[in-house]
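Beneath this line is the structure, given in structure tokens, with notes to follow.
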Amino acid sequence: MSDYQDIARAVALKVASKVMPMDQLPENLKGAYEDLAAQLLADEQQGFANTWNALPASAQKLMPQAEFHGFFIAQSWLKLSMAGQQLAELAETDNAIAEKEYQGIFAQLIDDALKESIKKLKKARTDRSMLNSFKQVMA
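Letter 60 of the sequence shown, counting from 1, is numbered 88 in this note's numbering, and no numbers are missing.
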């Protein structure tokens, strides 16, 4: 594994662990997390890379790309976890949600997580408390 991936994975785990006990996840959720992290690191659609490259230099200078990639992975995991819980509750009362709909919902949540992460990074350029929050959550 590359240094970039090691850094991104470490940051993602630190950030996600601030919200949920990642070391206590059941095996099936650990596998789901690893799959998501691998998929988002592979960035086959170049969504993360294109978005990062489109950022102003002033935003890119705030933190290394690998660290921000890890933050985005954690944001995606947390959004998907919350949505998964809501969908599981919904599925208990209504089994009409098809697999295709789940995939569309999850893809949209990942896209939303990227947009939200970028928005926070851009805001951190002029908001020192936001930048400090980034650094604190990644520490």
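Here a beta-carbon is modelled for each residue, glycine too, at the ideal position from N, C-alpha and C.
Only a predicted model underlies this, so the values are computations on that prediction, with no experimental measurement involved.
- If you look at GLN33, you'll find it in the alpha helix (DSSP H) that goes 31-45.
- Boundaries of the alpha helix (DSSP H) harbouring GLU55: 55-70, taken from the DSSP string.
- Each residue's CA atom was taken as its position, placing LEU159 and LEU149 some 8 Å apart.
- Ranked by Cα distance from LEU106, the first of SER30, VAL39, ASP155, VAL47 is VAL47.
- In this structure, the straight-line span from the alpha carbon of ALA152 to that of GLN136 is close to 24 Å.
- ALA167 carries a coil assignment under DSSP once its states are collapsed to helix, strand and coil.
- For the 9 Å CB-CB criterion, VAL165 and PHE99 form a contact.
- For MET50, the three-state secondary structure derived from DSSP is helix.
- Taken through DSSP and simplified to helix, strand or coil, ASP155 comes out as coil.
- When only Cα atoms are considered, ASN78 and ASP71 end up about 10 Å apart.
- Ranked by how close their Cα comes to the Cα of ALA40, the residues GLN93, PRO54, ASN56, GLN88 have GLN93 in first place.
- With fewer than 16 other CB atoms across the displayed protein chains lying within 10 angstroms of its CB, GLN113 is exposed.
- Between the alpha carbons of PHE162 and SER86 lies a gap of roughly 15 Å.
- Here TYR32 has ALA94 as same chain residues with Cβ atoms under 7 Å from its own Cβ, once five neighbours each way along the sequence are excluded.
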